[in-house]
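Accompanying notes for the structure given below.
In our numbering, the protein residues as written are 60 to 208.
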């Protein structure tokens, strides 16, 4: 059977789990051959070795292999890094997929009340708001009553 590079899917911790003071990232490693795999986790560019568990590869119905790797950390560690990545190697070649950590800050929303001129004319009242995203970009939106119906 020809050698096959793995495909990776990385899942971040659930919000429910984060409330239990635990954060588990899951890396699903599929469709690789032969059945030996090496996995490394990184927070930003730093390799993490504590809290890592990787299953033994098992054969899929297509005769290729699959495995899973789990990284368990604290919610504080999850929030303090920009990105986490799962990297794996089979037969010396590698595939890497990155999952981004939580935003450093949540979005903020500013709602602007209608101006006194807009209040005089009921048909021209606008709702206007500005959102500052966690990435620092600004989104502005205005809605007139006609758009709300």
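All residues carry an ideal CB built from backbone N, CA and C; glycine is no exception.
| query | result |
| --- | --- |
| Under 8 Å between C-beta atoms of residue 128 and residue 98 | yes |
| Given residue 142 as reference, the closest of 100, 124, 118 and 111 once Cα atoms are compared | 100 |
| Secondary structure of residue 103, DSSP reduced to three states | coil |
| In DSSP terms, what residue 112 is bridged to | 129 |
| Beta bridge counterpart(s) of residue 97 as assigned by DSSP | 148 |
| Beta-carbon separation (whole angstroms), residue 107 vs residue 147, contact threshold 8 Å | Rounded, the Cβ-Cβ distance is 14 Å, inconsistent with contact. |
| CB of residue 229 within 8 Å of CB of residue 96, strictly | Nothing in the structure corresponds to residue 229, since the chain is present only between 60 and 208. |
| Status (buried if at least 16 other CB within 10 Å, exposed otherwise) for residue 105 | exposed |
| Alpha-carbon to alpha-carbon, residue 61 and residue 117 | 17 Å |
| Candidates 82, 90, 75 and 67: closest to residue 122 by CA position | 90 |
| Cβ-based burial, residue 113 [other Cβ within 10 Å; buried from 16] | buried |
| Helix, strand or coil at residue 136 [DSSP, three-state] | helix |
| Euclidean distance between Cα positions of residue 63 and residue 71 | 26 Å |
| Reduced DSSP secondary structure (H/G/I, E/B, other) of residue 175 | helix |
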